[in-house]
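Structure record follows, encoded as structure tokens.
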Amino acid sequence: MATVKMQKPICLIDNDESGCMCVRREALEILEEITQPVVVVAIVGLYRIGKSFLMNRLAVKNDGFALGATIESKTNGIWMWCLPHPTKEGHTLALLDSEGLGDVEKGDTKHDTWIFCLAVLLSSTLVYNSMGTINNDALEKLHYVTKLIEDVKVKSGSKDDDQSTEFISFFPSLVWTVRDFTLKLELDGQPITADQYLDNVLKLKPGSSKETEQYNLPRYCLRNLFSPCKCFVFDCPASGEKMKQMEQLTDTDLDPKFVIQVEDFCNYIFTNAQAKIMREGLGMTGRMLGSLAETYVEAISSEQVPCLDNAVESLSQIQNKRAATEALDFYEREMKQKVQLPTETQEHLSEIHTDIQREAVEIFINCSFSDFKQIHQLELMRRMQSVYEEYCRDNVETSREMSKAAISRVFSSLQTELKNRYCMQPGGYTDYRSALERATEQYRSEKGHGLMSEEVLSEYLSEKEEIGHIILAADKSLTESQQETERLKTVTDEQQRRAEEEQSRIKKQQLKDQQRTYHENAEQLLKKLEKEQGITKQELERVLNVKMKEQRELLEEGFENRAKKMQREIDGLKENKSEVTAAWPSLRSMLEALEEVAKNFLPGIGRLALAVLIALVILDPNTAHPELILSEELTRVRFCEETKQQIPNDLERFDNHPCVVASEGFESGTHSWDPDIGKSKHWEQEKHT
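Mapping of the sequence shown onto UniProt numbering: position 602 corresponds to residue 602, and the numbering continues sequentially without gaps.
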């Protein structure tokens with residue numbers, strides 16, 4: 001997977017000449033090159049308080065994002081700097097430095113709100129930079145958080161005023177950095193951490209007055225929208241005069257305590273900031289980040305309310321189409337490179353096709369998400385099948401041409417004898433038969449004719465059958481002509497049988513290929529859905545834990561009404577979690593729908609595919625043999641001689657034969673699964689009813 005190493009940051013989002021917000025083409029072209037997952041760290045905060053300095057340190061540079069040493073804001077819009085991640089191999093670190101909020105010269109609060117919103121929506125970790133202390137004034141200046149709920153919707157047409165439960169799945173983690181912090185980290189005379197300092201600041205005030213509600217709103221939003229929340233405090237970096245030359249200063253010129261604090265901050269970001277994740281756990285690539293930025297900016301420029309679900313759906317359409325194209329390109333490229341026509345058998349072409357198709361489907365599965373009704377996967381299946389069928393036709397035609405050329409060459413001497421009528425004399429038939437058999441044997445001994453070799457030979461010999469009868473009738477020396485006629489018919493029938501068997505094998509293999517195509521796609525789709533189910537459950541569990549923690553804190557702080565409201569959210573999350581687990585029976589209908597559409601271009605799959613693939617049952621570890629290793633989700637099994645499970649070998653395991661029994665999820669009918677038995681020769685695959 002590709003990344004980039006930008007030498008300096010460039011503008012990602014800015015206003016065009018007409019004043020409308022836009023995404024810069026140069027930045028999109030750079031993001032297009034990044035196929036790795038991106039860890040997106042964005043920083044926001046009031047202007048002229050050192051945001052760019054922190055971002056430069058994350059880039060391990062002294063300069064890059066403009067610092068400046070005046071009261072004038074240096075950053076307009078959102079600037080981007082993409083670099084290989086320093087600690088996460090295979091990831092790209094995307095740093096987003098945003099325009100300072102609250103610039104009195106600009107005086108555009110709506111613009112500031114959108115800058116803040118974009119930083120939140122595009123990042124996986126948001127750094128909020130403030131000055132001095134976190135007091136009520138600092139929180140009131142963070143009114144952009146409360147505006148998020150007004151200006152952004154999770155679902156199109158949603159009228160739910162409190163979407164915090166859904167927002168938390170889309171929003172980044174939060175790191176609050178406090179510059180020039182001069183207070184002692186103490187509470188009630190006891191030392192506290194920066195995180196405890198932030199928790200204390202975010203406590204709600206009892207009461208229901210308008211002033212209290214206004215006081216609590218930004219705190220409640222922060223507690224409910226961002227998880228986890230982290231805090232870092234920094235001493236003043238240097239003396240006043242040195243502050244005017246920040247770009248030229250080295251660590252030796254800065255306060256040692258400040259240097260350590262910045263290093264702690266950077267290490268935390270490098271270690272804990274995660275890749276931006278889309279639905280179903282797919283890591284967002286640079287390409288996807290660019291598309292997402294375009295979608296949000298387009299909504300803002302057209303004065304629409306950005307809708308997170310719509311943005312994700314739009315992105316999924318772009319990404320899934322791209323994934324299908326890349327998978328098809330891979331398939332076509334590999335087939336062109338590895339297939340040499342004609343192949344000796346249909347099976348040989350099938351093996352190449354099967355291996356390449358498996359990798360192509362894997363490319364699509366790994367790069368796609370939210371492919372509802374498998375529209376793009378089915379299109380990929382159809383197009384790969386079309387390419388493969390073209391290879392099959394070309395294989396037949398190429399084989400025909402080469403077989404005919406070989407026959408013309410090998411049988412040329414016989415053709416000359418026939419032309420000169422050498423066989424039309426006593427003993428001529430015997431000579432003719434001998435010459436025909438020698439040429440046939442030579443033809444069959446040669447390689448490279450391809451899969452139509454016997455078919456073309458059969459056609460040639462059929463053409464010569466009548467000539468053979470004429471020569472036989474003219475051969476006065478043959479006294480047993482009737483017996484020879486019967487032998488000639490037997491030879492002809494045998495050749496016809498060879499040709500028919502060859503064609504039958506070709507058709508059976510092509511039918512088998514269609515079944516394999518369906519099975520491979522369905523198998524990988526089921527694995528993906530299995531993984532996505534686990535990720536969805538984990539995300540629901542994470543959100544549930546956040547909400548339960550918030551509920552406990554509300555009860556401790558005396559907010560019983562808010563805690564009751566939170567309980568309703570918690571109950572809803574628990575119900576959603578149960579629904580995710582119970583959703584597996586619908587896989588049958590999903591596979592049936594997939595099969596029904598696939599039949600249009602894979603008529604050979606019949607009804608057997610579904611029976612083989614309904615195997616996602618929950619397996620019971622209590623009935624598993626010690627040499628069987630169950631997957632974490634308890635839906636798959638593999639054999640391992642080297643590693644044995646630490647489970648008792650008791651009578652519950654029935655006997656000494658390794659076995660697994662489903663504990664739930666089995667429907668009536670025939671089901672099977674394919675265990676990975678490695679190189680063991682002592683196991684057989686069986687169908688269990």
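Where a beta carbon is used, it is the ideal one built from N, C-alpha and C, also for glycine.
Query: Rounded C-beta distance between Y391 and V456? I'm assuming under 8 Å.; Result: At roughly 19 Å, the Cβ-Cβ gap does not stay under 8 Å, so Y391 and V456 are not in contact.
Query: Alpha carbon to alpha carbon, how far is N200 from T193? Give it in angstroms, no decimals.; Result: 11 Å
Query: If contact is defined by three or more beta carbon pairs under 8 Å, each pair taking one atom from either stretch, is the region 30 to 47 in contact with the region 85 to 101?; Result: yes
Query: Do you know whose CA, among L591, K549 and Y388, lies nearest Q509's CA?; Result: Y388
Query: Grouping DSSP H, G and I as helix and E and B as strand, with all else coil, what is R433?; Result: helix
Query: What separation, rounded to the nearest whole angstrom, lies between the Cα atoms of F270 and V60?; Result: 11 Å
Query: Taking M402 as the reference, give the member of L341, Q274 and T345 with the closest Cα.; Result: L341
Query: Considering only residues of the same chain and omitting the five flanking positions on each side of K205, which have a CB-CB separation below 7 Å?; Result: T212, Y215 and N216
Query: Would V175 and F258 qualify as a contact pair, given that the criterion is a beta-carbon distance under 8 Å?; Result: no
Query: Can you give the Cα-Cα distance for D63 and M80, rounded to whole angstroms?; Result: 14 Å
Query: Quick check: the Cα distance between V262 and L526, rounded to an integer number of angstroms?; Result: 46 Å
Query: For S368, which of K321, T354 and H85 has the nearest alpha-carbon?; Result: K321
Query: Would you say T343 and R516 are within 8 Å of each other, going by their C-beta atoms?; Result: no
Query: Please report the straight-line C-alpha distance between R438 and R400, rounded to a whole angstrom.; Result: 21 Å
Query: Could you tell me the alpha carbon to alpha carbon distance between M55 and P256, rounded to whole angstroms?; Result: 19 Å
Query: Beta carbon of residue 714, beta carbon of Y128: below 8 Å?; Result: A question about residue 714 goes unanswered here, because the residues of the chain that appear run from 1 up to 689.
Query: I need the straight-line Cα distance from T285 to K373, nearest angstrom please.; Result: 24 Å
Query: Exposed or buried, what is I252 when buried is set at 16 or more other beta-carbons lying within 10 Å of its beta-carbon?; Result: Per the sequence shown, the amino acid found at residue 252 is Thr instead of Ile. Result: exposed.
Query: Give the range of the alpha helix (DSSP H) segment to which I78 is assigned.; Result: I78 -> not in any alpha helix (DSSP H); beta strand (DSSP E) instead, spanning I78 to P84.
Query: CB-CB under 6 Å to R57, same chain, minus the five flanking residues each way: which ones, in chain order?; Result: V262 and C266
Query: Could you tell me which uninterrupted alpha helix (DSSP H) segments, each at least 4 residues in length, are contained entirely in the region 174 to 224, listed from first to last along the chain?; Result: 194 to 201
Query: Hey, quick one: how far does the alpha helix (DSSP H) through V262 stretch, first residue to last?; Result: P256 to N272
Query: List the residues that DSSP assigns as beta-bridge partners of S98.; Result: I78
Query: Figure out for me which residue from D371, C236 and E362 has the closest Cα to the Cα of S316.; Result: D371
Query: Given a threshold of 16 other Cβ atoms within 10 Å of its Cβ, counted over all protein chains shown, does L12 qualify as buried or as exposed?; Result: buried
Query: State the CB to CB distance for the pair Y268 and K230, rounded to an integer number of angstroms; the pair is presumed to be in contact (CB under 8 Å).; Result: 7 Å
Query: So, is N272 buried or exposed, given that buried needs 16 or more other C-beta atoms within 10 angstroms?; Result: exposed
Query: Span of the beta strand (DSSP E) holding R125?; Result: With the sequence shown as reference, residue 125 is identified as Thr, and Arg is not the correct amino acid for it. It spans T125 to M131 - the beta strand (DSSP E) in which T125 sits, taken as one unbroken run.
Query: My understanding is that I506 touches Q346, with C-beta atoms under 8 Å, so please give their C-beta distance in whole angstroms.; Result: 4 Å
Query: Would E351 and F330 be called neighbours here (beta carbons separated by less than 8 Å)?; Result: no
Query: Report the option in N15, M381 and Q442 whose CA atom is closest to the CA atom of S412.; Result: Q442
Query: Going residue by residue through the region 313 to 371, where are the continuous alpha helix (DSSP H) segments of at least 4 residues, counting only ones entirely within it?; Result: 346 to 367
Query: Going by DSSP in three states, P603 sits in which element: helix, strand or coil?; Result: helix
Query: In whole angstroms, give me the CA-to-CA distance for L183 and T133.; Result: 8 Å
Query: Using the C-alpha atoms, what's the distance from Q503 back to Y460?; Result: 16 Å
Query: Check A522 in the structure and name its three-state DSSP category.; Result: helix
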